[in-house]
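Peer 1: One structure coming up, written as structure tokens, with questions to follow.
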Amino acid sequence: MRRRLLLTAALLTAATAQAQQPTVYIPLISKGFQHQFWQAVKAGAEQAGKDYKVRVTFEGPESEAMVDKQIDMLAAALAKKPQAIAIAALDSKATIPLLRKAQAAKIPVIAFDSGVDSPIPLTTASTDNRAAAALAADKLAALIGGEGEVAVVGHDQTSRTGIERVEGFVNRLKAAHPKVRVVTVQYGGGDHLKSTDVAKSMLQGNPKLKALFGTNEGSAIGIVNAVREMKRANVTVVGFDSGKQQKDAIASGAMAGAITQNPVGIGYRTVEAAVKALKGEALPKAIDTGYYWYDKTNLRDPKIAAVLYD
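Mature numbering (1 follows the signal peptide of the UniProt record, and there is no 0) puts the sequence shown at residues -19 to -1, 1 to 291.
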């Protein structure tokens, strides 16, 4: 009798625990895990999952160059029949066939960080990348006295973030700082080592370079490494994103400053948008999660510190 009672109690406990598990499942497929940025997005998504009592998973390929692997992850997530799904697309076109399947299955799609070339996502939670890159252009131009040769190390030519940050930066210089000339734009895949090699090649081929702009964490750190290895301390470095290495570079003066996003906010607003979609609530076409310029002067300002991440 005692064994039976214990068994019954154990079964009841298990059943209760199962009943308490969130029944709404929302997977987020990110662009990668190689940067601290994505860990911060993940933290925001998980916090929203707790607040809204939904089950959230977060995954991405090891490298932001692995478009095919991201597509496989998206397909696997859809096969689990989630209630909603979120995607930060590495390629703004490659995900569309799978997103059409999600739409046909009436699974709401939310884009985050980097949108797709399709109206299927109900909204995109992201930084206004063109405006943020334009601010970087203004800051860089001021730092070099409004004239001179500069170069850009981009992270890719396929994602909306990769495209829009380069366009926002280059177009702002053309429009507002005509004496600042972009002599080359090259891509390092967001990888520290590849971006270092790209930046070193730029410095070797363009001895008059006064500044370089890196469009994400890996690109910016690659530039810092290249400038240090080439002993070109007179070259101004401006970056995008945050992370410990960038914060240390700014604190030491190796990097003049950078644009930070609000990655925790991106993750949180993505899950929040998915929950609202499931409730039938209308969503704006874009959710602007904000951006800020930071440098040595405001690195410890509470407002800035809240959106920086290690």
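From the three backbone atoms N, C-alpha and C, an ideal C-beta is built for every residue, glycine too. It should be emphasised that the depicted structure is a prediction, and the values quoted were computed from it without experimental measurement.
Can you give me the C-alpha to C-alpha distance between residue 142 and residue 289, rounded to a whole angstrom?
Peer 2: Their backbone Cα atoms lie some 19 Å apart in a straight line.
Peer 1: So what does DSSP say about residue 8, is it helix, strand or coil?
Peer 2: Looking at residue 8 - three-state DSSP - the assignment turns out to be strand.
Peer 1: With burial defined as no fewer than 16 other Cβ atoms inside 10 Å of the residue's Cβ, what is the status of residue 174: buried or exposed?
Peer 2: It is exposed - the Cβ of residue 174 has fewer than 16 other Cβ atoms within 10 Å.
Peer 1: Rounded to whole angstroms, how far is the Cβ of residue 98 from the Cβ of residue 73, which I believe are closer than 8 Å?
Peer 2: About 5 Å separates the two Cβ atoms, so the contact holds.
Peer 1: Beta-carbon within less than 7 Å of residue 160's beta-carbon, same chain only, minus the 5 sequence neighbours each way: which residues are those?
Peer 2: Within the same chain, residue 160 has close Cβ partners 127 and 128.
Peer 1: Under 8 Å Cβ to Cβ from residue 82, same chain only, skipping five residues before and after it: list those, please.
Peer 2: Here the set comprises 59.
Peer 1: Have a look at 256, 254 and 209 and flag the residue whose alpha-carbon is nearest the alpha-carbon of residue 233.
Peer 2: The residue with the shortest Cα to Cα distance from residue 233 is 209.
Peer 1: Under 6 Å Cβ to Cβ from residue -5, same chain only, skipping five residues before and after it: list those, please.
Peer 2: Bear in mind that a pLDDT of 49 at residue -5, under 50, signals an unreliable position, so the model cannot answer this.
Peer 1: Can you list the alpha helix (DSSP H) stretches of 4 or more residues lying completely in the segment 126 to 168, in chain order?
Peer 2: Within the segment 126 to 168, the complete alpha helix (DSSP H) runs of at least 4 residues are 141 to 157.
Peer 1: Let me check understanding here. Comparing Cα to Cα, which of 193, 224 and 134 lies closest to residue 214?
Peer 2: Closest option to residue 214, Cα to Cα, is 193.
Peer 1: Counting pairs of Cβ atoms below 8 Å between the segment 194 to 201 and the segment 82 to 92, do you hit three or more?
Peer 2: No, because fewer than three Cβ pairs between the segment 194 to 201 and the segment 82 to 92 fall closer than 8 Å, the two stretches do not touch.
Peer 1: Assuming residue 71 and residue 45 are in contact, meaning their beta carbons sit under 8 Å apart, how far apart are those beta carbons, in whole angstroms?
Peer 2: At roughly 6 Å, the Cβ-Cβ gap stays under 8 Å, so residue 71 and residue 45 are in contact.
Peer 1: Rounding to the nearest angstrom, what Cα-Cα distance links residue 256 and residue 35 in this structure?
Peer 2: Looking at the two C-alpha atoms, the distance is approximately 8 Å.
Peer 1: Quick one: residues in its chain with C-beta nearer than 6 Å to the C-beta of residue 115, no 5 flanking neighbours on either side, listed in chain order?
Peer 2: Taken in chain order, the residues that qualify are 149 and 153.
Peer 1: Just to check my reading of the structure: residue 66 and residue 7 have Cβ atoms closer than 8 Å, yes? What is that Cβ distance to the nearest angstrom?
Peer 2: That pair is a contact at about 7 Å.
Peer 1: If contacts are defined as beta-carbon pairs under 8 Å, then residue 62 and residue 130 qualify, I think. What distance do you get, rounded to the angstrom?
Peer 2: About 54 Å separates the two Cβ atoms, so there is no contact after all.
Peer 1: Quick one: what does DSSP say residue 32 is sitting in, helix, strand or coil?
Peer 2: Reduced to three states, the DSSP call for residue 32 is helix.
Peer 1: Rounded to a whole number of angstroms, what is the C-alpha to C-alpha distance between residue 224 and residue 252?
Peer 2: Near 23 Å, if we compare the C-alpha coordinates of residue 252 and residue 224.
Peer 1: In this structure, what does DSSP give as the bridge partners for residue 88?
Peer 2: None, per the DSSP bridge assignment.
Peer 1: Taking 8 Å as the threshold, find out whether the segment 45 to 54 comes into contact with the segment 11 to 19 through three or more Cβ pairs.
Peer 2: Output reads yes: the segment 11 to 19 touches the segment 45 to 54.
Peer 1: Output yes or no for whether 8 Å exceeds the beta carbon distance between residue 64 and residue 259.
Peer 2: Yes, they are a contact pair.
Peer 1: Does the beta-carbon of residue 250 have 16 or more other beta-carbons within 10 angstroms, so that it is buried, or is it exposed?
Peer 2: Buried: at least 16 other Cβ atoms inside 10 Å.
Peer 1: From 122, 265, 285 and 76, pick the residue whose C-alpha is nearest to that of residue 156; which is it?
Peer 2: Residue 156 has its Cα closest to that of 122, out of 122, 265, 285 and 76.
Peer 1: Could I get the ranges of all uninterrupted beta strand (DSSP E) runs contained in the segment 35 to 81, with 3 residues as the minimum, in chain order?
Peer 2: Here the runs fully enclosed are 36 to 40 and 66 to 68.
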